[in-house]
Amino acid sequence: MVLIWKTLYHCEEMQRDSCMLVILCSELTSLCTLCFSAVPPSLDNARGTEEVTVAKGSSASLKCFTDGAPPPAMSWFKNGHPLSLGAHQNLNNQGMVLHFVEAEIGDVGKYTCVAANKAGDVSKHFSLKVLGRCLPVS
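The opening residue of the sequence shown carries number 142 in my numbering; numbering runs sequentially from there.
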């Protein structure tokens, strides 16, 4: 029982940013206290840069699946600038998937997704290459 109360003290002392979930029950009463806190976002395969190569006119998807508490907000950047979606691009799954319906040469670049909540942020990088068609030399 002492360890549980120390956990409560630690949770309050750290302003609820360090514990994920603490359930405290008093032996004297049937009351329980829940201590919820923010959990920093995490991204699958967030290390390094994911290389994506597609043929011009093909579809491509850049995937940034995340979790955290509260649920992270997603932002996308192209070459370091906030992404402005073109008519052939869309965001799916709460912004976690950037989909190119028909990739164009102008889509080539470095893409970054950022997942952020009050506990922190994490990013994932992509390098998108779009291959054009080669014409025969006459």
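C-beta atoms are modelled at their ideal positions from N, C-alpha and C, and glycine is treated no differently.
Computed from a prediction, not measured in an experiment: that's the story for all the values here.
Between the CA atoms of H240 and H266 - distance to the nearest angstrom: 15 Å
Quick one: using the 10 Å Cβ neighbour count with 16 as the cut-off for buried, is V278 buried or exposed? exposed
To the nearest angstrom, how far is it from the Cα of N216 to the Cα of S183? The amino acid at residue 216 is misidentified as Asn; the sequence shows Ser. Cα to Cα, the separation comes out at about 14 Å.
Can you find at least 3 beta carbon pairs, one from the segment 242 to 256 and one from the segment 204 to 224, that sit closer than 8 Å? yes
Is the CB-CB distance between G209 and A260 below 8 Å? yes
Among the residues of its own chain, which have a CB less than 7 Å from the CB of V271, if the five just before and after it don't count? V195, K197, A244, E245, I246, D248, V249
Taking the DSSP output, what are the residues bridged to D128? A question about residue 128 goes unanswered here, because the residues of the chain that appear run from 142 up to 279.
Between the Cα of P223 and those of Y252, N186, V238, spot the shortest distance and give me the residue it belongs to. Y252
Integer-rounded CB distance, given that V238 should sit under 8 Å from K204: 5 Å
Report yes if the CB atom of D185 is closer than 8 Å to the CB atom of F206, and no otherwise. yes
Applying the 10 Å Cβ sphere with the 16-neighbour rule, what's the burial state of A201? buried
In this structure, how does DSSP classify G198 when only helix, strand and coil are distinguished? coil
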